[in-house]
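K.L.:
One structure, as structure tokens, below. Some questions next.
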Amino acid sequence: MKFLIINGPNLNMLGIREPEIYGSETYDDLVRCITDAAVSRRLDFEIFQSNHEGVIVDKIQEAYGKFDGIIINPAAYTHTSVAILDALKAVSIPTVEVHISDVNEREEFRRISYVSLIAVKTIAGHGFAGYVLAMDELMEYLEK
Ligand code: DQA
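16 is the number of the first residue of the sequence shown in my numbering; add one for each residue after it.
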């Protein structure tokens, strides 16, 4: 199985940005956590981060025919981006949505997620472990 893991804007600032919400571990720590989990599950994978909506749309389009599953933390674009939702719909690749923080316990605007309309599952509030949970969800979904 081949998974594409996409991280949206400001996730490259993990460790610096709002540590009381996102913790003190860095983006490199997140990449290590995802890599260790993917390697131990014998998954093929690519990890990608961008601060730009159109670049994320391009990456999703390029995934067509190349990846079996997508794990995406669209970050702030979760709450605004019809373009990312449409790209995921266009490629029809099973997708699990992840949020490090518990978006339902924060500001009202964070409760809206366009991506959740297409996601097979949304995982929020489990920190970096949410990406590992997402991997297992996606593997189970694809094995069915
Ligand atoms: C986030 C939650 C979003 O509301 C926020 O804009 C982010 C990160 C999370 O992982 O908890 O940038 O997706």
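From the three backbone atoms N, C-alpha and C, an ideal C-beta is built for every residue, glycine too.
1) Need the endpoints of the alpha helix (DSSP H) that Glu33 sits in, please.
2) Classify Ala53 as helix, strand or coil using the three-state DSSP reduction.
3) Quick check: what's the CA-CA separation for Cys48 versus Phe143?
4) Is it the case that the Cβ atoms of Val135 and Arg125 are separated by a distance below 8 Å?
5) Excluding sequence positions up to five away, which residues of its chain have a Cβ less than 7 Å from the Cβ of Leu29?
6) Out of Asp151, Val130, Val113, Val147, which one is the CA nearest neighbour of Gly140?
7) Sort Glu152, Ala90, Pro109 by Cα distance to Arg32 and report the nearest one.
8) Which residues in the same chain as Gln64 place their Cβ atom closer than 8 Å to its Cβ, once the five residues preceding and following it in sequence are excluded?
9) Which residues share a DSSP beta bridge with Ala139?
10) Secondary structure at Glu1, three-state DSSP: helix, strand or coil?
P.N.:
On the basis of the coordinates in this document:
1) Within the sequence shown, residue 33 is the residue found at index 18, counting from 1. It is not in any alpha helix (DSSP H) - Glu33 carries neither H nor E in the DSSP assignment.
2) In the sequence shown, residue 53 corresponds to position 38, counting from 1. Three-state result, Ala53: helix.
3) Residue numbering aside, residue 48 sits at position 33 when the sequence shown is read from its first letter. Residue numbering aside, residue 143 sits at position 128 when the sequence shown is read from its first letter. Spanning the two alpha carbons is a distance of roughly 7 Å.
4) To locate residue 135, count along the sequence shown from 1; it is residue 120. To locate residue 125, count along the sequence shown from 1; it is residue 110. The answer is no: Cβ separation not under 8 Å.
5) Translated into the one-based positions of the sequence shown, residue 29 becomes position 14. Answer for Leu29: Tyr37, Glu40, Thr41, Tyr42, Leu45, listed in chain order.
6) Walking along the sequence shown from the start, residue 140 turns up at place 125. Of the listed residues, the one whose Cα sits closest to Gly140 is Val113.
7) On the sequence shown, residue 32 is found 17 positions in, with the first residue counted as 1. Among Glu152, Ala90, Pro109, the Cα nearest to that of Arg32 is on Ala90.
8) The residue labelled residue 64 in the question sits at position 49 within the sequence shown. Contacts found: Ile21, Asn22, Gly23, Leu26, Asn27, Tyr42.
9) Taking the first residue of the sequence shown as 1, we reach residue 139 at position 124. Per DSSP, His114.
10) As shown, the chain starts at 16 and ends at 159. That puts residue 1 outside it, with no answer to give.
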